[in-house]
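Student: Residue numbers (the numbering used here): 9 to 332.
(1) Could you check how far apart the C-beta atoms of residue 164 and residue 277 are, in whole angstroms? I think they sit under 8 Å.
(2) Can you give me the start and stop residues for the alpha helix (DSSP H) that residue 246 sits inside?
(3) By DSSP, does residue 85 sit in helix, in strand, or in coil?
(4) Would DSSP call residue 72 helix, strand or coil?
(5) For residue 199, report the span of its alpha helix (DSSP H) as first-last.
(6) Sorted by chain position, which residues of the same chain lie with C-beta nearer than 8 Å to residue 50's C-beta, five sequence neighbours on each side aside?
(7) Kindly indicate which residue of 293, 35 and 253 has the alpha-carbon position closest to the one of residue 329.
(8) Indicate the three-state DSSP secondary structure (helix, strand or coil) for residue 64 in the structure shown.
(9) Does the distance from the C-beta atom of residue 256 to that of residue 213 stay below 9 Å?
(10) Between the alpha carbons of residue 262 and residue 222, how many angstroms are there, rounded?
(11) Does DSSP put residue 236 in a helix, a strand or coil?
(12) Specify the secondary structure class of residue 37 as computed by DSSP and reduced to three states.
(13) Is it right to say residue 123 is buried, meaning 16 or more other beta carbons lie within 10 angstroms of its own, or is it exposed?
(14) Compute the Euclidean distance between the alpha carbons of residue 215 and residue 246, then round it to the nearest angstrom.
(15) Can you tell me the Cα-Cα spacing of residue 287 and residue 42, whole angstroms?
(16) Contact between the region 80-95 and the region 294-303 is defined here as three or more beta-carbon pairs at a separation below 8 Å; is this criterion met?
(17) Between 307, 89, 218 and 285, which lies nearest to residue 271 when the distance is taken from Cα to Cα?
(18) Is the beta carbon of residue 182 closer than 9 Å to that of residue 159?
(19) Would you check if the region 175-189 and the region 228-247 touch, i.e. whether three or more CB-CB distances between them fall below 8 Å?
(20) Does the beta-carbon distance from residue 282 to residue 103 come in below 9 Å?
(21) Looking at the structure shown, is residue 264 part of a helix, part of a strand, or coil, going by DSSP?
(22) Pull up the distance between the alpha-carbon of residue 251 and that of residue 75, whole angstroms please.
(23) Going by the CB atoms, is the gap between residue 319 and residue 259 shorter than 9 Å?
(24) Roughly how many whole angstroms lie between the Cα atoms of residue 206 and residue 332?
(25) For a minimum of 4 consecutive residues, which ranges assigned as the alpha helix (DSSP H) are wholly contained in the region 101-171?
(26) Roughly how many angstroms separate the alpha carbons of residue 312 and residue 111, rounded to a whole number?
(27) Residue 269 and residue 241: beta carbons closer than 9 Å?
(28) Given that a residue counts as buried once 16 or more other Cβ atoms are within 10 Å of its Cβ, and exposed if not, what is residue 97?
(29) Contact check, residue 197 vs residue 114 under 8 Å by CB: the rounded distance?
(30) When DSSP labels each residue in this structure, what does residue 11 get in the three-state scheme?
(31) Residue 314 lies in the alpha helix (DSSP H); which residues open and close that run?
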């Protein structure tokens, strides 16, 4: 038995180079067969390497007292000093509270809206009306963030805003929507729903287009109404897409859009509007505290990584659908 085992082991060791050659040959054959696709990949891969992976080396300044004269590698190493300063400062609790509150509010409201819109559009029978509704809901996505915030300031202006004109015309009192701190989160979230709902619904509309028509016909024969067909046929068909989108949304909970929050900020609503991304911008680019700002940004990125991994693991166990 020992001799046989030795022979088997020796045979396996001899076959390893052949296996490597075989694998290399298969890869070479695959590249030659589909070389056009690999040529198309060169540009996006190069873009990712230059603008996504190479800048990661700069994250080392989070562990240093960065100075322009010394550069990234010549600055003094301080370890976790900046992280400790951030965790012990009163800003930490405020930033975490505002970031999580705004992110969770946005997730709860913004995530199901595109699904509902896609289901509603899919149930429309008029072809032209269906296209018009889809186009009207899709167009706001192309409005830039700066223009969107400007529209909001004009519409909700306490003196000349359309909303306050309607309120006063009906006998009410004008409301300073942009100046009330407690209204900041609602204005941010619902304006985002209006702007991005149609664009986010496209992927669900595409998923609904692949629903097996035989299942729909069977449900109709069984006497299922429109709501029953949506609940028992359409939603299960797009559930994998919903799960993947939810995992990605959970993974970006800590990454709120900087531009919109920053443009909507004012001295009155700062207690609700100051989040991690705006804090990093102010400390890093305005106050020139590069190492401190990098440490806060790195902490934010690690939180997102942990969240997306946990969400993926949970989805894989519960629903058997995951990113990897």
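Positions of the beta carbon are idealized from the N, C-alpha and C atoms, including for glycine.
Tutor: So, from the listed chains and residues:
(1) One-based indexing of the chain shown puts residue 164 at position 156. One-based indexing of the chain shown puts residue 277 at position 269. Contact doesn't hold; Cβ gap of about 13 Å is too wide.
(2) Taking the first residue of the chain shown as 1, we reach residue 246 at position 238. It spans 243-259 - the alpha helix (DSSP H) in which residue 246 sits, taken as one unbroken run.
(3) Within the chain shown, numbered from 1, the residue matching residue 85 stands at position 77. It is a strand residue.
(4) For the purposes of this step, residue 72 is taken as the residue at position 64 of the chain shown. DSSP places residue 72 in strand when its eight states are reduced to three.
(5) Start at 1 with the first residue of the chain shown, and residue 199 comes out as number 191. Where residue 199 is concerned, the enclosing alpha helix (DSSP H) stretches over 192-216.
(6) As a working note, residue 50 is residue 42 in the chain shown. Cβ neighbours of residue 50 beyond the five flanking positions: none.
(7) Within the chain shown, the letter at position 321 stands for residue 329. Cα-wise, what sits closest to residue 329 is 253.
(8) Numbered from 1 along the chain shown, position 56 holds the residue referred to as residue 64. In this structure, residue 64 counts as helix in the three-state DSSP scheme.
(9) The count along the chain shown starts at 1 and reaches residue 256 at position 248. The count along the chain shown starts at 1 and reaches residue 213 at position 205. Not a contact, by the Cβ cut-off of 9 Å.
(10) Position 254 of the chain shown, counting from 1, holds the residue named residue 262. Position 214 of the chain shown, counting from 1, holds the residue named residue 222. Roughly 42 Å between the two C-alpha positions.
(11) Here the question's residue 236 lines up with position 228 in the chain shown. It is helical.
(12) The residue you call residue 37 lines up with position 29 of the chain shown. Three-state DSSP puts residue 37 in a helix.
(13) The count along the chain shown starts at 1 and reaches residue 123 at position 115. Per the 10 Å Cβ criterion, buried.
(14) Along the chain shown, read from residue 1 onward, the residue named residue 215 stands at position 207. Along the chain shown, read from residue 1 onward, the residue named residue 246 stands at position 238. Spanning the two alpha carbons is a distance of roughly 6 Å.
(15) Stepping through the chain shown from its first residue, residue 287 is reached at position 279. Stepping through the chain shown from its first residue, residue 42 is reached at position 34. Rounded to the nearest angstrom, the two C-alpha atoms are 47 Å apart.
(16) yes
(17) Taking the first residue of the chain shown as 1, we reach residue 271 at position 263. If we check each option's Cα against that of residue 271, 285 comes out closest.
(18) Along the chain shown, read from residue 1 onward, the residue named residue 159 stands at position 151. Along the chain shown, read from residue 1 onward, the residue named residue 182 stands at position 174. Not in contact: residue 159 and residue 182 (Cβ atoms no closer than 9 Å).
(19) no
(20) By one-based count along the chain shown, residue 282 stands at place 274. By one-based count along the chain shown, residue 103 stands at place 95. Yes. Within cutoff.
(21) Residue mapping note: residue 264 aligns to position 256 of the chain shown, counting from 1. Three-state result, residue 264: coil.
(22) Sequence index remark: in the chain shown, residue 251 carries index 243 (1-based). Sequence index remark: in the chain shown, residue 75 carries index 67 (1-based). Answer to the nearest angstrom: the Cα atoms are 45 Å apart.
(23) Residue numbering aside, residue 259 sits at position 251 when the chain shown is read from its first letter. Residue numbering aside, residue 319 sits at position 311 when the chain shown is read from its first letter. It is a contact, given that the beta carbons lie within the stated cut-off.
(24) Numbered from its first residue, the chain shown carries residue 206 at position 198. Numbered from its first residue, the chain shown carries residue 332 at position 324. So the alpha carbons of these two residues sit roughly 28 Å apart.
(25) Correct list: 120-131, 135-146 and 153-163.
(26) As a working note, residue 312 is residue 304 in the chain shown. As a working note, residue 111 is residue 103 in the chain shown. For residue 312 and residue 111, the gap between their C-alpha atoms comes out near 12 Å.
(27) Within the chain shown, numbered from 1, the residue matching residue 269 stands at position 261. Within the chain shown, numbered from 1, the residue matching residue 241 stands at position 233. No, the Cβ-Cβ distance between residue 269 and residue 241 is not below 9 Å.
(28) Working through the chain shown from its first residue, we reach residue 97 at position 89. By the 10 Å Cβ count, residue 97 comes out exposed.
(29) Translated into positions along the chain shown, residue 197 becomes position 189. Translated into positions along the chain shown, residue 114 becomes position 106. With 8 Å as the limit, residue 197 and residue 114 qualify as a contact, their Cβ atoms being about 5 Å apart.
(30) Here residue 11 is taken as the residue at index 3 of the chain shown, counted from 1. Model confidence at residue 11 stands at a pLDDT of 44, short of 50, so the residue's coordinates are unreliable; what they give is reported in the following sentence. Here DSSP, grouped into helix, strand and coil, assigns residue 11 to helix.
(31) Here the question's residue 314 lines up with position 306 in the chain shown. Residue 314 -> alpha helix (DSSP H) spans 298-326.
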